[in-house]
Amino acid sequence: MPKVLVFDDIATAAVDYLKAHDVEVISNRQLADADFLAHADADAVILMMHPMTDKLFSQMPNLKIVARYGVGYDNVNLSDATAHGVAVTNTPGANATAVAETAVMHMLMGGRYFYQQRQGITDTTVPSGTGQEVSNKTVGIIGFGAIGQKIDELLTGFHVDVLAYARHDRPVKNGRMATLSEIYAQSDFVVLALPATPDTQNMIDATVFKQMKNSAVLVNIARGAVVDEAALISALKTGEIAGAGLDVVTVEPIDEKNELLTLPNVFVTPHVAAKSVEAFDAVGLAAAEDVVRVLRGEKPKFQVNE
């Protein structure tokens, strides 16, 4: 019977699916390399955030698939996985609604400074009664996969004009595809919904902030690595942009001394965008389904490496 290593507290739906397909399920914290090497004979791993590199791949000879529990897979070295013949998958779309709802929440909170009292901030540089509404604004969405498209859909009632950017053109419900330059220059809200890759590392930097409106709000529900955090802090302090809503930061969990937590025009949540009951179950099931496909010798549905 093939073995799959999962993390503690994985969705019951995923475990039930695996067991129903004659897979032995082993669970631990997945907090250290030792947690993986304790089950070095595993045929599959359903992975949360622990890094997977050659060090683990080389010591897990039976491993056929690493199924990421979510969309991002920047904690898995794809070239190392490919070199060891291991498929890497993710679960695009399974948590799209949860993440998109969080993006809209960050737009509302970041645009209106509603969180100042909650954070105990009394900085008068952001006077009471200021801030902008989302309604009738221009919203730039960078990354227009399942999550970006769901954000566009959810914004319909706000009567916004959406400018979307992606590698491939797609229908935009509330606007059109646009260039990055157009998004930076024209958007009242810039929403990041793209993966962290070598190409997107620090793509939102000081040069970008200079192109944005002084009244613009940056929302990041993607990955912290996409934004140059030092440049963001500078832009927020100098008024180069008006505010930010962040579900992700460069180093997580966020350090309590991170300057972002002291600024009156920033709203931060602890990487929880995808954490709804519905999304957790849907992501788990999608990951488990690809594990079963690979263990049967079939091609996975959502493979991200070659």
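Numbered according to our numbering, the sequence shown spans residues 1099 to 1404. Don't be surprised by glycine CBs; every beta carbon is placed ideally from N, CA and C. This one's a predicted model, so the numbers in the text were calculated from it and none came from an experiment.
**Three-way DSSP call (helix, strand, coil) for E1338 in this model** = Reduced to three states, the DSSP call for E1338 is coil.
**Cα-Cα separation, A1380 to L1135** = 28 Å
**Message:** Here's a check: name, in chain order, each residue in its chain whose Cβ is nearer than 6 Å to the Cβ of P1159, leaving out the five neighbours to either side.
**Reply:** none
**Request:** Tell me, to the nearest whole angstrom, how far the beta carbon of T1151 is from that of D1178; I am working on the premise that it is less than 8 Å.
**Result:** 5 Å
**Request:** State the CB to CB distance for the pair V1184 and K1153, rounded to an integer number of angstroms; the pair is presumed to be in contact (CB under 8 Å).
**Result:** Not quite, the Cβ-Cβ distance comes to about 13 Å (not below 8 Å), so this is no contact.
**Request:** Return the Cβ separation of A1329 and D1303 in integer angstroms, given the expectation that the two are a contact with Cβ distance under 8 Å.
**Result:** The Cβ separation is near 5 Å, so the contact holds.
**Beta-carbon proximity of L1290 to V1258, cut-off 9 Å** = no
**Request:** Grab me the residues of P1190's own chain with a C-beta within less than 8 Å of its C-beta, minus the 5 sequence neighbours each way, in chain order.
**Result:** V1169, G1243, A1244 and F1400
**Message:** Please state the DSSP three-state secondary structure of K1101.
**Reply:** strand
**Prompt:** Within this structure, are the beta carbons of A1140 and A1165 separated by less than 9 Å?
**Reply:** no
**Prompt:** Going by beta carbon distance, what residues of the same chain come within less than 8 Å of M1205, once the five residues before and after it are set aside?
**Reply:** V1232, V1237, F1287, V1289, V1315, V1317 and G1343
**Item:** Coil, strand or helix - A1130 by DSSP
**Value:** In the structure shown, A1130 sits in coil (DSSP, three-state: anything other than H, G, I, E or B).
**Item:** Counted within 10 angstroms of its Cβ, other Cβ atoms place K1271 as buried (16 or more) or exposed
**Value:** exposed
**Asked** At which residue ranges does the region 1162-1192 contain complete alpha helix (DSSP H) runs of 4 or more residues, listed in the order of the chain?
**Response** 1176-1181
**Message:** Spatial neighbours of E1251 within its chain, please: C-beta separation below 7 Å, excluding the five flanking residues on both sides.
**Reply:** K1271
**Prompt:** Just the Cα atoms here: how many angstroms apart are V1197 and A1138?
**Reply:** The straight-line gap from Cα to Cα measures roughly 33 Å.
**Prompt:** Thinking C-beta only, is T1228 closer than 9 Å to D1388?
**Reply:** no
**Message:** What does the Cβ neighbour count give for F1155, buried or exposed, with the cut at 16 atoms within 10 Å?
**Reply:** The residue is buried, with at least 16 neighbouring Cβ atoms inside 10 Å.
**Request:** Take D1114 as the anchor and find which of R1391, L1383, N1403 and P1398 has the nearest alpha-carbon.
**Result:** It is L1383.
**Item:** Neighbourhood of G1246 by C-beta, 6 Å cutoff - its chain only, sequence neighbours within 5 removed
**Value:** I1239 and A1291
**Request:** Quick one: residues in its chain with C-beta nearer than 8 Å to the C-beta of T1277, no 5 flanking neighbours on either side, listed in chain order?
**Result:** Y1263
**Request:** Kindly give me the distance between the Cβ atoms of Y1211 and P1362, rounded to whole angstroms, as I take these residues to be in contact under 8 Å.
**Result:** 7 Å
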